[in-house]
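Numbering (the numbering used here), first residue to last: -5 to 200.
Quick reminder that beta carbons are idealized off the backbone N, C-alpha and C, glycines included.
Please read all numbers here as calculations on a predicted model, not as lab measurements.
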Ligand code: TYD
C-alpha cells in the first residue's frame, strides 16, 4: 500500500474543516495525488448513517451510537479508503477512529478499550499513518460554534461534561502515541496551523 492516510482530529470548532481544505490544496500544489474525505460519510451507506446518527429526533443509545460510527467506518474503509491507498493516494480524512475513542469511549463512558476493539474489527486494522490533533480551549470553541449559527445536531446536544471528557481523552491518546498523533494549536490563525501541519507531516511527504 503506497498511499498515506492522514487523519485530522479535534473537537467541533477546533478548525478541522479549514485545515483539511488548506492541507488538500497544499498537497495538490505539490502535484501529489490527494483525496479529502470526512467521517461519518464519504460513501453512500456512511452518508445515510451520518444522517441517522446526527438526527436530534432519534433516540440512540451509546452502544448503538458507537456501532453506527463503526459501521460507517467499515464501509468507508472497504469501499473507498483501501482502494485509494492502494492507488498510492494521500487521503486527508476529517475524523477517524480517535473520534470514536474520544466521543464514545470517553464522552459517552463506554471505555476507550471497548470502543477500540469494535473499531479494530470495523477497520480491519487500518490505522492512520499520521494524525493531526487540533487542540483548542473551551472558550475558543464556544465562540466559533456560536458564530456558525447552524442547527444543533444530536451530538452537539451533549453537555459540557461530554466535551470535557472527550478533550481529556484526545490529550491522553496524543500523549500515548506521540509518533502518530501530533498536537497542533487549533486557536492559531489558519496559515499558522497549516504551516505547523506541514511540519508535522515531515517524513510522510516526499
Ligand atoms: P460533523 O458535522 O462532521 O462535525 P465536525 O465538523 O465537528 O466533525 O459531525 C460529526 C459528529 O459526529 C461530530 O459531533 C463528532 C461526532 N463523531 C463521533 O461522535 N464519533 C465518531 O467516531 C465520529 C467520526 C464523529
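Closest by CA to residue i, which one among the options?
i	options	result
residue 7	54, -3 and 179	179
residue 183	116, 9, -3 and 4	9
residue 154	95, 44, 87 and 136	136
residue 106	116, 34, 94 and 115	94
residue 146	108, 124 and 48	48
residue 181	26, 160 and 139	139
residue 186	5, 4, 17 and 3	17
residue 97	13, 22 and 4	4
residue 86	177, 12 and 164	12
residue 92	73, 127 and 102	127
To the nearest angstrom, how far is it from the Cα of residue i to the Cα of residue j?
i	j	result
residue 193	residue -1	16 Å
residue 30	residue 129	21 Å
residue 35	residue 78	15 Å
residue 28	residue 82	9 Å
residue 99	residue 162	11 Å
residue 37	residue 71	10 Å
residue 144	residue 169	33 Å
residue 90	residue 1	6 Å
residue 131	residue -4	36 Å
residue 195	residue 80	20 Å
residue 109	residue 19	33 Å
residue 175	residue 151	28 Å
residue 158	residue 165	11 Å
residue 56	residue 149	11 Å
residue 202	residue 21	As shown, the chain starts at -5 and ends at 200. That puts residue 202 outside it, with no answer to give.
residue 188	residue 122	19 Å
residue 124	residue 191	10 Å
residue 76	residue 43	20 Å
Answer with buried or exposed for residue i, where buried requires no fewer than 16 other C-beta atoms within 10 angstroms of its C-beta.
i	result
residue 113	buried
residue 60	buried
residue 40	buried
residue 141	exposed
residue 84	buried
residue 104	buried
residue 24	exposed
residue 197	exposed
residue 52	exposed
residue 33	buried
residue 133	exposed
residue 173	exposed
residue 69	buried
Exercise for the section: Output the residue ranges of the beta strand (DSSP E) runs that lie fully inside the segment 112 to 138 and measure 3 residues or longer, sorted by chain position. Expected result: 124 to 129
* Quick one: residues with CB closer than 5 Å to any heavy atom of the ligand TYD, in chain order, please. => 6, 33, 63, 89, 93, 94, 97 and 149
Along the chain, which unbroken stretches of the alpha helix (DSSP H) at least 4 residues long are found entirely within the segment 64 to 101?
76 to 80 and 91 to 94
Exercise. Could you give the uninterrupted runs of the beta strand (DSSP E) lying entirely in the segment 15 to 39, keeping only those of 3 residues or more?
Worked result: 28 to 32
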